[in-house]
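2 protein chains.
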Amino acid sequence: MIIIIFIIRPMSLRMTPQRHAVLTLINGSARHWDAEAISRALQKNDQRIGIATIYRTLSVLEEAGLIAAVVIGQRKHYERIDKPHHDHMVCEACGRIEEFFHQDIETLQHDIAKRHGFCIQGHSLVIFGLCRQCQ
Amino acid sequence: MIIIIFIIRPMSLRMTPQRHAVLTLINGSARHWDAEAISRALQKNDQRIGIATIYRTLSVLEEAGLIAAVVIGQRKHYERIDKPHHDHMVCEACGRIEEFFHQDIETLQHDIAKRHGFCIQGHSLVIFGLCRQCQ
DNA sequence: ATGGATGCAAAAGTTTTGCACCTCT
DNA sequence: AGAGGTGCAAAACTTTTGCATCCAT
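Chains as they are written, first to last, in our numbering: chain P, 1479 to 1613; chain C, 1479 to 1613.
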């Protein structure tokens, strides 16, 4: 006997005030945000949203492809999606995060993945160092 | 008035049974271990070490340059140091971790860091995808 | 004796979950 | 009414810290 279970998920998510606030915050800057930073920024703006809602909202927005996630130093950060793909360079002294894109690095990653028989789905490249100001 | 404080740190660390057990475990396999996995593996081997000691030991061993650390998916993993530098490829289905090294990728990272005025100190490159078996 | 290491338990930090309530069709 | 969202508090997890005790000089 074969049992097939369909799990029907809504195709579109409800854009509530909370979700809108989080999305607007992220889309309104080039920064990388973690849940804590979002919570603090919204509070300063008199929009207090429960931290649980923030976590749930970030998952939902990421799954919907409306924001991008990067893990930086064991912590998930989110940024707006309307930038072309890029990787990150983090200053270990001041925390500054810079973005870069290098087509050759991208290409070589695909090459090496193929060589290992991997079907590449994504990557995370973070360069650590000292920025110009902190050297 | 200028006060100079010298903090004298021991140059060598004491190789206690606990530290030896952790080091032996890591050096005895090609795996990547997190604190939990180490704790479980040692228990199976009738060597129970307090989890706090494991965390402290891992820091100490890493600082001493006896093991290497990699952050994979928000969690710090440790592996033996006696391998040449490499990056990682993680199968999102089965968790398999493969290693690779690509000199051109290394070189290009240095190029791009220099171009941004960054003094590069390290990097973390993890490729996500599906391994041959899981496709 | 003394400095370092350990184990335990408690604390801290981060993220998830349960649940009652609310909101929008 | 029903599905989905929210806030709060509690729980779950991971990692760190305080402290009494132990161990090896």
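Just so it is clear, CB atoms sit at the ideal spot from N, CA and C, and this is done for glycine as well.
Problem - Nearest candidate by alpha-carbon position, reference H1536(C), set C1597(C), C1572(C), R1497(C) - result: On the second sequence, residue 1536(C) is found 58 positions in, with the first residue counted as 1. Looking at the sequence shown, residue 1536(C) is not His but Leu. The shortest C-alpha separation from L1536(C) is found at R1497(C).
Handout entry: Contact with chain C by Q1552(P), beta-carbon distance below 9 Å
Key = Position 74 of the first sequence, counting from 1, holds the residue named residue 1552(P). So yes, Q1552(P) belongs to the interface.
Practice task
Please compile the residues from chain C whose C-beta is within a distance smaller than 8 Å of the C-beta of I1583(P).
Solution key: As a working mapping, residue 1583(P) is identified with position 105 in the first sequence. The contacting residues are I1583, L1586, Q1587, I1590.
Practice task
Measure the CB-CB distance between F1606(C) and I1527(P) and report whether it falls below 9 Å.
Solution key: Taking the first residue of the second sequence as position 1, residue 1606(C) is located at position 128. Taking the first residue of the first sequence as position 1, residue 1527(P) is located at position 49. No, the pair does not count as a contact, with Cβ atoms beyond the cut-off.
Handout entry: For D1565(C), three-class secondary structure by DSSP
Key = For the purposes of this step, residue 1565(C) is taken as the residue at position 87 of the second sequence. Three-state DSSP puts D1565(C) in a strand.
Handout entry: Span separating the alpha-carbon of V1568(P) from that of R1574(P)
Key = Position 90 of the first sequence, counting from 1, holds the residue named residue 1568(P). Position 96 of the first sequence, counting from 1, holds the residue named residue 1574(P). Rounded to the nearest angstrom, the two C-alpha atoms are 6 Å apart.
Practice task
Answer with buried or exposed for F1484(C), where buried requires no fewer than 16 other C-beta atoms within 10 angstroms of its C-beta.
Solution key: Residue 1484(C) sits at position 6 when you count from the first residue of the second sequence. For F1484(C), the pLDDT reaches just 46, beneath the cut-off of 50, and the residue's location in the model is therefore unreliable, although a value from the coordinates is still provided. Exposed.
Problem - Simplified DSSP state of E1557(P), which is helix, strand or coil - result: Position 79 of the first sequence, counting from 1, holds the residue named residue 1557(P). It is a strand residue.
Practice task
Go through the region 1565-1599 of chain C residue by residue and report every complete run of the beta strand (DSSP E) that reaches 3 residues or more, in order.
Solution key: 1565-1569, 1575-1578
Problem - Identity of the residue in K1522(C), I1516(C), D1524(C), G1543(C) nearest T1531(C) by Cα - result: In the second sequence, residue 1531(C) corresponds to position 53, counting from 1. Among K1522(C), I1516(C), D1524(C), G1543(C), the Cα nearest to that of T1531(C) is on I1516(C).
Practice task
State the Cα-Cα distance for the pair I1482(P) and H1564(C), rounded to the nearest angstrom.
Solution key: Reading the first sequence from its first residue, position 4 is the one you call residue 1482(P). Reading the second sequence from its first residue, position 86 is the one you call residue 1564(C). Note that I1482(P) scores 44 on pLDDT, short of 50, meaning its location in the model is unreliable and no value can be drawn from it.
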